[in-house]
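Here's the structure, in structure tokens; my notes come after.
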Amino acid sequence: MPPIGEIIRNSQIWKSIFRHPAPVDRRNRIVVMLTNFFLHLHPVSAKKQGIALSYTWCMGGVTFFLFLVETVTGVLLMFYYRPTIEWAYSDILVLRDVTSLGILRELHRWGAHAMVITVWLHMYRVFLTGSYKPPREFNWVLGVILLLLTLLLSFTGYLLPWDQLAIWAITVGSNMARAAPFLGHEGPGSQLLSVGGIDMITNASDARFGLLGARFVGEETLNRFYILHCIAIPLGAALLLAIHFWRIRKDGGISSPM
Amino acid sequence: MHGHLTYDEFLASISGFLCSYYLAVAVMNGLFAVYQWKVNGNQRLAVVWSVVGLVCVIMGGIVSSGDAGMISYVSVPDSIKNMIDAAMMPVTYSLGTLAILFALFITREYWVKPNMAWLGLNLMLIFMGLSIADVDFAAIVMKPDNVPIVGLIFLLAFFTWLATYKAVENDRRIAQGELPLEAIDNEKVLVWPDLVYTELICMVGLTAFLLLWAIVLQAPLEEPASSVKTPNPSKAPWYFLGLQEMLVYYDPWMAGVMLPNMVVAGLMAIPYIDFNKKGNGYYTINERKFAYLTFQFGFLVLWITLIVMGTFLRGPNWNFFGFYETWDAHKVQAMNNVDLSQLFWVDLLHQPLPRPDPADPFLIKTLIIFKREVIGILGLIGYFAILPPLLAMKEKRLFQPLYRRMGLIRYMVMANLFLWMATLPIKMLARWTMDMKYFISIPEYFINF
Chain A
1 MPPIGEIIRN
11 SQIWKSIFRH
21 PAPVDRRNRI
31 VVMLTNFFLH
41 LHPVSAKKQG
51 IALSYTWCMG
61 GVTFFLFLVE
71 TVTGVLLMFY
81 YRPTIEWAYS
91 DILVLRDVTS
101 LGILRELHRW
111 GAHAMVITVW
121 LHMYRVFLTG
131 SYKPPREFNW
141 VLGVILLLLT
151 LLLSFTGYLL
161 PWDQLAIWAI
171 TVGSNMARAA
181 PFLGHEGPGS
191 QLLSVGGIDM
201 ITNASDARFG
211 LLGARFVGEE
221 TLNRFYILHC
231 IAIPLGAALL
241 LAIHFWRIRK
251 DGGISSPM
Chain B
259 MHGHLTYDEF
269 LASISGFLCS
279 YYLAVAVMNG
289 LFAVYQWKVN
299 GNQRLAVVWS
309 VVGLVCVIMG
319 GIVSSGDAGM
329 ISYVSVPDSI
339 KNMIDAAMMP
349 VTYSLGTLAI
359 LFALFITREY
369 WVKPNMAWLG
379 LNLMLIFMGL
389 SIADVDFAAI
399 VMKPDNVPIV
409 GLIFLLAFFT
419 WLATYKAVEN
429 DRRIAQGELP
439 LEAIDNEKVL
449 VWPDLVYTEL
459 ICMVGLTAFL
469 LLWAIVLQAP
479 LEEPASSVKT
489 PNPSKAPWYF
499 LGLQEMLVYY
509 DPWMAGVMLP
519 NMVVAGLMAI
529 PYIDFNKKGN
539 GYYTINERKF
549 AYLTFQFGFL
559 VLWITLIVMG
569 TFLRGPNWNF
579 FGFYETWDAH
589 KVQAMNNVDL
599 SQLFWVDLLH
609 QPLPRPDPAD
619 PFLIKTLIIF
629 KREVIGILGL
639 IGYFAILPPL
649 LAMKEKRLFQ
659 PLYRRMGLIR
669 YMVMANLFLW
679 MATLPIKMLA
689 RWTMDMKYFI
699 SIPEYFINF
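Protein chains in written order, with our numbering: chain A, 1 to 258; chain B, 259 to 707.
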């Protein structure tokens with residue numbers, strides 16, 4: 001009788017799931033990269049020095065992995081959390097003290113901090129190796145947008161526990177918006193936008209109001225930030241991530257000396 | 259740590275952590291000693307690092323006692339703490355960091371050697387260890403949301419070392435006419451297994467690390483939100499503290515809106531203004547010194563050190579506090595900042611400041627304001643419009659070759675982004691030396707610069 005592992009790998013069920021034999025020889029190591037959905041993001045082969053850990057620091061990959069960690073833990077957290085002033089804080093308390101697997105929020109929060117750091121380190125590496133130079137200019141631009149989205153994801157999530165740390169950090173951060181030129185009611189030029197002596201830009205119509213949904217950080221803000229944090233920004237980031245990865249391939253793979 | 263603890267209770271609460279900290283440093287040094295001995299065959303260095311490890315074990319033993327008298331032997335003496343606190347101000351902190359980083363840059367060929375870098379790491383770790391027995395230092399470093407920033411400092415130190423180590427080696431090779439290391443032995447290999455296994459190991463390692471972090475350190479949760487109880491200090495999330503620090507020098511429309519947008523625009527513009535074809539795909543410094551120094555100045559000096567300062571050294575009322583200083587909400591700092599228009603009209607010309615009458619028509623008001631702020635406005639126009647062409651003229655060595663190769667538009671974009679970045683240190687210097695508040699101050703239209 002053949003070994004049990006071989007029986008399983010030769011079964012109809014296994015073969016129907018995995019479209020390739022075990023990657024133990026050169027041919028099948030190529031086939032696996034081409035026929036597996038999760039692996040097909042990668043090329044079949046790459047420059048040896050380009051993929052060296054001491055060269056890439058794996059920081060882009062680590063950042064993407066943290067994005068996945070945040071997605072999974074974030075979905076689980078949504079099971080326990082209601083974004084209303086009445087419930088938000090107490091749901092976090094329950095999550096901490098009552099719910100089993102009580103480190104869910106810790107994983108999510110520390111993962112978020114780590115993701116900000118790894119994005120910076122990824123950018124640092126890409127700069128120091130000159131990898132933004134032609135033909136990869138536009139992928140660097142996409143990376144800058146993704147950096148911005150990472151910060152915004154972290155910023156919108158900061159409010160959700162609805163504790164003192166959250167509300168005041170968001171207050172300090174969003175106060176900037178009221179000073180936006182023309183669009184903030186304390187910003188330069190906003191007085192010029194008045195019709196018949198009636199100001200168009202007030203504290204109930206300016207950029208800060210648009211961000212918060214109110215004159216100050218309150219119920220509407222919590223709802224707005226929740227939707228931005230859980231749906232709008234992740235969708236945008238996922239789309240840009242896909243293009244970012246696709247462009248790596250199209251622009252010639254991980255950079256290496258020309 | 260929380261103000262409610264006596265010093266002895268505080269020591270008891272951290273002695274366990276501090277002991278394992280020193281033991282970890284000891285193990286690290288032990289492993290490095292073995293590496294020196296077995297791999298490099300350098301017995302003398304192996305002995306040196308073993309002794310360092312042994313000293314760490316002894317320090318771990320001393321702190322595990324939790325006794326104030328014993329721990330005072332392995333902490334920074336009060337006299338030195340007071341000296342450091344007295345010397346630390348925004349100006350010494352900022353210029354000191356800049357000087358240290360610049361000195362490291364100049365001497366990079368020496369400190370990138372593994373043993374020198376290892377010494378640097380040990381000094382950083384021992385400084386942390388010696389300082390953590392201080393209540394105030396522990397309070398800022400061990401606050402849960404601040405821990406990532408401590409991690410960030412060590413990670414940046416490590417990766418800056420790694421990149422510089424490779425760049426120094428490549429620069430040496432290039433100077434001798436050899437190829438950079440990344441170009442040697444660079445045939446194509448299969449991604450399975452050479453890359454996917456690396457990724458798998460990174461994923462497993464990171465998962466383990468995150469789980470450990472999540473178990474050891476609880477995520478912060480303060481009192482329920484209250485819109486009437488304002489905490490002092492009120493801080494933005496840590497990654498925006500560089501921007502909050504800029505509020506000391508700029509109005510919100512600059513620090514919170516214009517400059518962040520300029521940072522993003524400037525980052526996006528990098529690939530289009532860096533025309534240097536060298537240094538693509540390998541670590542190098544000498545082949546792209548201008549780009550390297552500009553980026554490092556923006557990232558390490560202006561972004562990271564301001565975040566570190568905003569997180570660790572800015573206390574109640576955004577006052578500056580030294581590493582070992584208690585965050586006292588009643589600390590008073592004199593603020594007698596003056597505007598450039600004040601300096602020009604009142605102090606220099608001994609005339610009253612031109613003031614528009616609110617009843618004046620718009621045009622008259624604007625003209626009076628223009629007259630009042632004329633020095634600042636002309637200075638700003640000169641800075642952004644006339645300085646770049648001046649820098650590009652023949653006798654100026656630095657920018658002229660750039661202009662030649664970039665063409666007018668790209669050169670002006672590059673020069674203006676560069677000058678925008680330089681406004682922050684200029685404003686800082688003007689504040690420190692002349693108590694300068696605004697170069698242009700038009701409160702009538704919320705335009706202060």
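Cβ coordinates follow ideal geometry from the N, Cα and C atoms, glycine included.
Counting only C-beta atoms, is residue i closer than 8 Å to chain B at any point?
| i | result |
| --- | --- |
| residue 82(A) | no |
| residue 87(A) | no |
| residue 127(A) | yes |
| residue 247(A) | no |
| residue 124(A) | yes |
| residue 23(A) | yes |
| residue 72(A) | no |
| residue 13(A) | no |
| residue 239(A) | no |
| residue 292(A) | Not covered by the structure: residue 292(A). The range shown for chain A is 1 to 258. |
| residue 196(A) | no |
| residue 258(A) | yes |
Counting only beta-carbon atoms, is residue i nearer than 8 Å to chain A?
| i | result |
| --- | --- |
| residue 293(B) | no |
| residue 509(B) | yes |
| residue 259(B) | For residue 259(B), the predicted structure reports a pLDDT of 41, less than 50, and the residue's modelled location is therefore unreliable. A value from the coordinates is still provided. By this cut-off, residue 259(B) is not an interface position. |
| residue 299(B) | no |
| residue 443(B) | yes |
| residue 447(B) | yes |
| residue 557(B) | yes |
| residue 710(B) | Outside the modelled stretch of chain B, which goes from 259 to 707, sits residue 710(B), for which no answer is possible. |
| residue 570(B) | no |
| residue 503(B) | no |
| residue 497(B) | yes |
Would you mind reading off the limits of the alpha helix (DSSP H) that contains residue i?
| i | result |
| --- | --- |
| residue 353(B) | 348–364 |
| residue 447(B) | Note, residue 447(B): premise wrong, no alpha helix (DSSP H); beta strand (DSSP E) at 446–448. |
| residue 239(B) | Here chain B covers residues 259 to 707 and nothing more, so residue 239(B) does not appear. |
| residue 40(A) | Here residue 40(A) belongs to no alpha helix (DSSP H), and DSSP marks it neither H nor E. |
| residue 75(A) | 59–80 |
| residue 280(B) | 265–296 |
| residue 136(A) | Element bounds for residue 136(A): n/a, residue is neither H nor E. |
| residue 15(A) | 12–17 |
| residue 374(B) | 372–390 |
| residue 220(A) | 219–227 |
Looking at C-alpha atoms only, which residue of the options is the closest neighbour of residue i?
| i | options | result |
| --- | --- | --- |
| residue 105(A) | 76(A), 237(A), 236(A) | 76(A) |
| residue 55(A) | 130(A), 89(A), 102(A) | 130(A) |
| residue 382(B) | 371(B), 411(B), 361(B), 370(B) | 411(B) |
| residue 170(A) | 82(A), 136(A), 218(A) | 218(A) |
| residue 245(A) | 232(A), 52(A), 138(A), 9(A) | 138(A) |
| residue 259(A) | 78(A), 150(A), 16(A), 126(A) | Residue 259(A) lies beyond the residue range present for chain A, which begins at 1 and ends at 258; the question has no answer from this structure. |
| residue 519(B) | 634(B), 501(B), 292(B), 639(B) | 501(B) |
| residue 597(B) | 706(B), 473(B), 550(B) | 706(B) |
| residue 403(B) | 343(B), 497(B), 360(B) | 497(B) |
| residue 96(A) | 119(A), 124(A), 161(A) | 161(A) |
| residue 385(B) | 333(B), 599(B), 642(B), 397(B) | 333(B) |
| residue 549(B) | 638(B), 657(B), 448(B), 433(B) | 657(B) |
On the DSSP letters alone, give me the boundaries of the beta strand (DSSP E) that residue i sits inside.
| i | result |
| --- | --- |
| residue 47(A) | 45–47 |
| residue 437(B) | Unbroken run through residue 437(B): none, as it is neither H nor E. |
Please tell me whether, using a cut-off of 7 Å, the distance from the CB of residue i to the nearest non-hydrogen atom of the ligand FAD is below it.
| i | result |
| --- | --- |
| residue 230(A) | The ligand FAD is not among the ligands present in this structure, which contains no ligands whatsoever. |
Quiz item: For the stretch 476–487 of chain B, which residues have a beta carbon sitting closer than 8 Å to at least one beta carbon of chain A?
Solution: Taking 8 Å as the upper bound on Cβ-Cβ separation, chain A lies near residues 476, 477, 478, 479, 480, 481, 482, 483, 484, 485, 487 of the stretch 476–487 of chain B.
Quiz prompt | Contact set between the stretch 352–380 of chain B and chain A, restricted to residues whose Cβ is under 9 Å from the partner | solution = Flagged: no residues at all.
Practice problem: Could you please tell me which residues of the stretch 202–229 of chain A, in chain order, have their CB closer than 8 Å to any CB of chain B? | Solution: Result list: 216, 217, 218.
Quiz item: Looking at chain B, which residues of the stretch 166–186 of chain A have a Cβ within less than 8 Å of any of its Cβ atoms?
Solution: Result list: 166, 167, 168, 169, 171, 172, 173, 175, 176, 177, 178, 179, 180, 181, 184, 186.
Practice problem: Residues of the stretch 403–420 of chain B with a CB closer than 9 Å to any CB of chain A: list them in chain order, please. | Solution: Result list: 403, 405, 406, 407, 409, 410, 413, 414, 417, 418, 420.
Quiz prompt | Contact set between the stretch 26–46 of chain A and chain B, restricted to residues whose Cβ is under 8 Å from the partner | solution = Only those residues of the stretch 26–46 of chain A whose C-beta falls short of 8 Å from the nearest C-beta of chain B are listed: 26, 29, 30, 32, 33, 39, 42, 43, 44, 45, 46.
Quiz prompt | Contact residues within the stretch 540–552 of chain B, judged by C-beta distance below 7 Å to chain A | solution = Across the stretch 540–552 of chain B, CB contacts with chain A closer than 7 Å involve 540, 541, 546, in sequence order along the chain.
Quiz item: What are the complete alpha helix (DSSP H) segments, minimum 4 residues, inside the stretch 481–550 of chain B?
Solution: Within the stretch 481–550 of chain B, the complete alpha helix (DSSP H) runs of at least 4 residues are 499–504, 517–531.
Quiz item: Considering only residues of the stretch 584–659 of chain B, which uninterrupted beta strand (DSSP E) runs meet the minimum length of 3 residues and lie entirely inside it, listed in chain order?
Solution: If we require 3 residues or more, the stretch 584–659 of chain B turns out to have no beta strand (DSSP E) run fully inside it.
Quiz item: Listed in chain order, which residues of the stretch 676–705 of chain B have Cβ atoms closer than 7 Å to some Cβ of chain A?
Solution: Of all residues in the stretch 676–705 of chain B, the ones placed with a Cβ closer than 7 Å to any Cβ belonging to chain A are 703, 704, 705, in chain order.
Exercise. Counting only runs of 4+ residues fully inside the stretch 99–175 of chain A, write out the alpha helix (DSSP H) ranges in chain order.
Key: The DSSP assignment places complete alpha helix (DSSP H) segments of no fewer than 4 residues inside the stretch 99–175 of chain A at 104–128, 137–159, 164–174, in order along the chain.
Quiz item: Quick one, which residues of the stretch 382–406 of chain B are near chain A if we go by CB-CB under 7 Å, in chain order?
Solution: Listed by position, the residues of the stretch 382–406 of chain B near chain A (Cβ gap below 7 Å) are 406.
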